[in-house]
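Colleague: Right, I'll just put the structure down here and ask away after.
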Amino acid sequence: MKKNFVQELKWRGMLRDVMPGTEEILNKETVTAYIGFDPTADSLHVGSLAQIMTLLHFQRCGHKPIALVGGATGMIGDPSGKKEERKLLTVEEIVYNESCIKKQLGKFLDFSSSNAAELVNNNDWFQDIRAISFLRDVGKYLTVNYLLSKGFVKDRLNQEQELSFTEFNYILMQAYDFLWLYENKNCKLQMGGSDQWGNITAGTELIRKKLRGNAYGLTCELITKSDGTKFGKTETGNVWLDASKTSPYQFYQFWMSITDEDAKKYIRIFTLFTKEEIELLEQKHNEAPHLRLLQKALGKDVTCRVHSEADYDASIEASEILFGEGTTDALKKLSENDLLAAFEGVPQVEVSKAELENGINVVDFFSDKTKIFPSKGEARKMIQAGGVSINKTKLRDIALSITKDSLLNGKYILAQKGKKNYYLVKAG
RNA sequence: GGGGAGAUAGCCAAGUGGUCAAAGGCAACAGACUGUAAAUCUGUCCUCUUCGGAGUUCCAAGGUUCAAAUCCUUGUCUCCCCA
């Protein structure tokens with residue numbers, strides 16, 4: 005018995021808009037649906053993860069998901085929701101990004117079951133298409149009048165912002181994607197973020213006009229944060245799925261430091277836990293909020309899926325030392341291997357061992373030597389304000405010197421700026 | 001084309017000759033309290049600093065003045081009203 009996908013999205017709080025008839029057809033037959041990912045960067049980020057989860061939920065409801073890499077559409081750039089004309093990426097960038105994203109997407113879905121997922125690249129059908137045939141076969145069916153009524157076109161024109169013909173055409177390309185998949189893969193449903201509604205309906209429109217076919221669309225809620233800031237950003241930038249851009253430790257910490265309110269929202273979106281499991285977790289969380297059960301469960305589930313269980317274990321270990329009852333003594337007891345393994349994702353800086361022999365003034369240590377602070381003044385202020393620690397011991401006196409006595413295992417110093425920013429200083 | 005208003009720090013915004021590195025708010029960063037939550041309170045918040053200071057700012061370029069964010073001239077841009 006299939007699970008009702010639309011209802012599934014609903015209780016998870018992910019659903020935004022559904023085209024009429026979508027729920028019915030999903031309950032009637034096994035449906036193939038796709039979501040597109042444009043190769044605008046060399047890695048997906050936690051924002052795209054929500055789309056991936058949509059596909060995953062879809063597959064787990066017994067349907068067949070297609071993840072589309074927009075090799076061709078990426079050449080143009082999606083103008084939806086963008087306030088300004090975008091810069092084109094170079095072909096080399098796109099080809100590179102494409103391969104990175106393809107690799108990442110392959111990790112999340114099941115490619116072997118009876119409703120096996122598929123990975124496609126719209127470059128495959130766009131590369132040979134000729135301008136004239138595109139204009140005749142696609143352009144003829146979607147009128148400019150229709151396109152002008154699209155939200156993003158209106159916004160651009162109203163704000164007298166430029167909208168190039170190139171970007172104006174993006175929607176045709178995406179509509180054609182849907183048409184192609186409909187014809188060749190029997191794909192009847194396109195999903196996406198709420199900003200994709202216009203693109204999706206253009207696709208169903210094209211399919212109806214050209215093939216007299218019925219295709220469907222569904223969009224998901226944009227992920228919001230309770231404080232109104234953008235989801236998926238930290239002080240250091242985007243949270244990527246690529247371990248070399250955002251280390252598993254940082255990734256785990258991203259989920260771990262989420263507020264209670266958001267954690268309740270995100271655990272529904274980013275994990276596969278059932279409604280009952282989540283409600284039980286919430287109940288337990290409310291009984292003992294300090295345990296941060298929700299954040300931990302969320303962090304574990306997502307980190308294991310995106311990285312690996314081993315990465316999760318290492319992140320936990322590092323987190324326990326950094327945020328737990330970890331004291332200077334506990335740190336000193338760690339072996340070099342444990343230390344390095346635990347702090348793998350923590351930024352590392354080097355400092356000369358010879359200078360440490362003579363002792364380095366704390367202010368110099370945190371500014372000039374390690375660049376943890378950009379200037380001496382700032383380092384001094386933070387130290388005096390009690391925002392700086394070494395090996396989990398707070399520094400307050402700016403006259404102090406750091407010497408080799410502070411080295412853990414004769415090699416490392418754990419420097420800390422504020423509560424959450426750690427640096428592993430290596431003496432070399 | 002005519003008339004009016006304006007341009008100040010990441011953003012909003014006060015300041016209309018010296019007491020101005022420039023009020024206030026937001027955002028950000030840090031501290032306290034907590035639970036790596038929220039709320040609250042405190043500190044920092046142009047740059048550098050030996051913490052004494054030093055340097056560079058108020059659209060741009062000139063000018064008046066001992067002294068200009070503030071007055072004058074020109075230019076650029078934005079908004080509003082009328083044709």
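Take any residue in the first sequence, count from 1 to its spot, add 4: that is its number in our numbering. The beta carbon of each residue, even a glycine, is placed where N, CA and C say it ideally should be.
Span of the alpha helix (DSSP H) holding R341?
Modeller: Checking the sequence, you will find Asn at residue 341 rather than Arg. Note, N341: alpha helix (DSSP H), 340–346.
Colleague: Looking at the structure shown, is L418 part of a helix, part of a strand, or coil, going by DSSP?
Modeller: strand
Colleague: Where T223 and L30 are concerned, what is the direct C-alpha to C-alpha distance, given to the nearest angstrom?
Modeller: T223 and L30: Cα-Cα distance of roughly 15 angstroms.
Colleague: In chain order, what residues of the same chain have a beta carbon less than 8 angstroms from the beta carbon of A54, not counting five sequence neighbours either side?
Modeller: M18, G197, C224, I227, I273, F274
Colleague: Just to check my reading of the structure: I70 and K189 have Cβ atoms closer than 8 angstroms, yes? What is that Cβ distance to the nearest angstrom?
Modeller: Their Cβ separation, rounded to whole angstroms, is 7 angstroms, which keeps I70 and K189 in contact under 8 angstroms.
Colleague: What are the complete alpha helix (DSSP H) segments, minimum 4 residues, inside the region 245–290?
Modeller: 252–260, 264–274
Colleague: How should A206 be labelled, buried or exposed, when 16 other C-beta atoms within 10 angstroms of its C-beta is the threshold for buried?
Modeller: When all chains shown are included, A206 counts as buried.
Colleague: Does DSSP classify M5 as helix, strand or coil?
Modeller: Low per-residue confidence applies at M5: pLDDT is 47, beneath 50, and the placement is therefore not dependable, though the value from the model is reported in the following sentence. M5 falls in the coil class under three-state DSSP.
Colleague: Going by DSSP, what residues sit across from H2 in a beta bridge?
Modeller: The chain is shown from 5 up to 432; residue 2 falls before or after that span and cannot be answered.
Colleague: Is the beta carbon of L298 sitting closer than 7 angstroms to the one on H289?
Modeller: yes
Colleague: Could you tell me the boundaries of the beta strand (DSSP E) in which M195 lies?
Modeller: According to the DSSP assignment, M195 belongs to the beta strand (DSSP E) that extends over 191–197.
Colleague: Taking contact to mean at least 3 C-beta pairs separated by less than 8 angstroms, is the region 353–364 in contact with the region 400–411?
Modeller: The region 353–364, when compared against the region 400–411, does touch it at the 8 angstroms Cβ threshold.
Colleague: Report the option in V73, A345, H294, F169 whose CA atom is closest to the CA atom of I105.
Modeller: V73
Colleague: For K14, which three-state DSSP category applies?
Modeller: helix
Colleague: Are three or more beta carbon pairs between the region 135–146 and the region 210–224 nearer than 8 angstroms?
Modeller: yes
Colleague: The beta strand (DSSP E) that contains K234, what's its start and end?
Modeller: Element bounds for K234: n/a, residue is neither H nor E.
Colleague: Run through the DSSP bridge pairs and tell me what I364 is partnered with.
Modeller: DSSP lists I406 as partners of I364.
Colleague: Thinking P252 and D315 are a contact (beta carbons under 8 angstroms), I'd like their distance in whole angstroms, please.
Modeller: 4 angstroms
Colleague: Could you tell me which of M195, D82, K385, K107 sits nearest to F172, measuring between CA atoms?
Modeller: D82
Colleague: Let me make sure I understand the geometry here. Which of M79, E28, A37, R64 has the alpha-carbon closest to that of T44?
Modeller: M79
Colleague: Please report the residue range of the beta strand (DSSP E) in which Y220 lies.
Modeller: For Y220, the enclosing beta strand (DSSP E) begins and ends at 220–224.
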